[in-house]
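Undergrad: Read in order, the letters of the sequence shown correspond to residues 2 to 297 in the numbering used here. Backbone N, C-alpha and C define an ideal beta-carbon position, used for all residues, glycine too.
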Amino acid sequence: MSTASPFGRLLTAMVSPMHPDGSLDLDGARRLAEHLVDTGHDGIVVNGTTGESATLSEDESIEMVRLVADTVGDRAKVVAGVGSNATAHSVAMTRRAADAGATGLLLVTPYYNKPTQAGVVAHCRAVAEVTDLPVMLYDIPGRTAIPFTTETLRELATVPSIRAVKDAKGDPWASTKVMAATDLLYFSGDDATTLPWLSLGAVGTVSVVGHVAGREYAAMIEAVDRGDLAAARDIHRRLVPAVDAIMSTSQGAIMAKAALVELGIIEHPTVRLPLLESPPEHLDILRTGLKESGLL
């Protein structure tokens, strides 16, 4: 893939591998980062939702950024999640992530507080003003309760370092208006809608299923680039069982870790409370989905 994006085009929101006692498995994280790059990724999101950012300490989050940057930073972009519902915390995380080797930032709307859109703009500006790193806004109101409105995105597009949107809101018409009116790069933030977003002009995806289907998503992006929608549709349809198994059975981080264990990429499916490991019936669904998609 040619990369016209400062974030890369095929990214996965990397899980944070853990030992059975809940501590970070740093060797596993190195292996996983290498696996992602070896299977077609030109970017990795660290400390995102699927990385269990909500239950990692600040020091653990920065340790993961540094580890991934040291391991594959010469081959892929390293995008650090710095979202928080406290602007001062996001600013502090931004500075630390930049020092740890991040080449880009992922910034979600401030959750729980329910700020006004003016507050959302002020929050994002505060983060963008402390670094020259490119910022990808993360629009996922299903988790945050606060969307980026079309007007807010148009305003934030005037901030030089704010370069992209990861969309998990699922309003393609509103996003089309933003793409038509701004230079913001769009990324699919939902594996089920990666092909629709690419067909509308998104430059790439931030995946979860990409943990185990990197080559397939790379091929999908390449097919769209050359105008071969039939080939892209074939890949999209072939991945349906895996996407359903990982994204609709329980929760993305839980199922992604279980899938990585099934493929022998990490050793343990450990997640931190309030998440729980997959019960046997979910693992059966997972194995069936991976096999039907030709991934296991």
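If we call anything under 8 Å between Cβ atoms a contact, is Glu263 one with Leu297?
TA: Cβ distance < 8 Å, so Glu263 and Leu297 count as in contact.
Undergrad: Quick one: is Glu282 buried, meaning 16 or more other Cβ sit within 10 Å of its Cβ, or exposed?
TA: The residue is exposed, with fewer than 16 neighbouring Cβ atoms inside 10 Å.
Undergrad: Apart from the five residues just before and just after Glu35, which ones in its own chain have a Cβ nearer than 7 Å to its Cβ?
TA: The answer, listed in chain order, is Thr72, Val73.
Undergrad: Note down the Cα distance separating Thr183 from Leu157, rounded to an integer number of angstroms.
TA: Their Cα atoms are separated by approximately 10 Å.
Undergrad: Among Ala203, Pro275, Pro270, Ala260, whose alpha-carbon lies nearest the alpha-carbon of His20?
TA: Comparing Cα positions, the closest option is Pro270.
Undergrad: Within the continuous alpha helix (DSSP H) that includes Tyr218, where are the two ends?
TA: First-last of the alpha helix (DSSP H) with Tyr218: 211-226.
Undergrad: So the candidates are Lys178, Thr50, Thr195, Glu61; which of them puts its Cα closest to the Cα of Gly84?
TA: The candidate whose alpha carbon is nearest that of Gly84 is Thr50.
Undergrad: Please classify Lys78: does DSSP put it in a helix, a strand, or coil?
TA: Reduced to three states, the DSSP call for Lys78 is strand.
Undergrad: Should Gly44 be labelled buried (16 or more other beta-carbon atoms within 10 Å of its own) or exposed?
TA: With 16 or more Cβ atoms within 10 Å of its Cβ, Gly44 is classed as buried.
Undergrad: Between which two residues does the alpha helix (DSSP H) harbouring Thr88 extend?
TA: 88-100 is the span of the alpha helix (DSSP H), which, as asked, contains Thr88.
Undergrad: How many angstroms separate the CA atom of Ser279 from the CA atom of Gly265?
TA: Rounded to the nearest angstrom, the two C-alpha atoms are 16 Å apart.
Undergrad: Between which two residues does the beta strand (DSSP E) containing Asp168 stretch?
TA: Unbroken beta strand (DSSP E) run through Asp168: 163-168.
Undergrad: Going straight from the alpha carbon of Trp198 to that of Val160, what length do you get?
TA: The straight-line gap from Cα to Cα measures roughly 24 Å.
Undergrad: When we look at the beta-carbon of Glu217 and count the other beta-carbons within 10 Å, is it buried (16 or more) or exposed?
TA: Looking at its Cβ environment, which holds 16 or more other Cβ atoms inside 10 Å, Glu217 is buried.
Undergrad: Look up Thr13 in the DSSP assignment and say whether it is helix, strand or coil.
TA: If DSSP states are grouped into helix, strand and coil, Thr13 belongs with the strands.
Undergrad: State the Cα-Cα distance for the pair Pro135 and Leu106, rounded to the nearest angstrom.
TA: Cα to Cα, the separation comes out at about 6 Å.
Undergrad: What does the alpha-carbon distance come out to for the pair His187 and Ser17?
TA: As written in the sequence, residue 187 is Tyr, which differs from the His given in the question. One C-alpha to the other measures close to 25 Å.
Undergrad: Compute the beta-carbon to beta-carbon distance between Ala77 and Gly9, rounded to the nearest angstrom, for a pair I have assumed lies under 8 Å.
TA: About 6 Å; that satisfies the 8 Å criterion.
Undergrad: Counting only C-beta atoms, is Gly190 closer than 8 Å to chain B at any point?
TA: Protein chains in the displayed structure number just one, and chain B is not present.
Undergrad: Mind reading off the beta-carbon distance from Ala14 to Val207? Whole number of angstroms is fine, and I expect it under 8 Å.
TA: Rounded, the Cβ-Cβ distance is 6 Å, consistent with contact.
Undergrad: Am I right that Val210 and Ile255 are in contact with their C-beta atoms under 8 Å? What's the rounded C-beta distance?
TA: Not quite, the Cβ-Cβ distance comes to about 13 Å (not below 8 Å), so this is no contact.
Undergrad: Whose CA, out of Arg144, Asn48, Thr151, lies closest to the CA of Ala365?
TA: Outside the modelled stretch of the chain, which goes from 2 to 297, sits residue 365, for which no answer is possible.
Undergrad: Going by C-alpha distance, which of Pro142, Lys178, Tyr139 is nearest Arg155?
TA: Of Pro142, Lys178, Tyr139, the residue nearest in Cα terms is Lys178.
Undergrad: What does the Cβ neighbour count give for Leu277, buried or exposed, with the cut at 16 atoms within 10 Å?
TA: Classification of Leu277: exposed, given that the 10 Å Cβ count is below 16.
Undergrad: Ser3 by DSSP, collapsed to three states: which one?
TA: Note that Ser3 has pLDDT 47, beneath the 50 cutoff, so the model's placement of it is unreliable and no number is given.
Undergrad: Apply the 10 Å Cβ neighbour rule to Val140 and answer buried if 16 or more other Cβ atoms are within range, or exposed otherwise.
TA: Just to set this straight, residue 140 is Asp in the shown sequence, not Val. By the neighbour-count rule (16 or more Cβ atoms within 10 Å), Asp140 is buried.
Undergrad: Determine the DSSP secondary structure at Thr206, reduced to helix, strand or coil.
TA: Looking at Thr206 - three-state DSSP - the assignment turns out to be strand.
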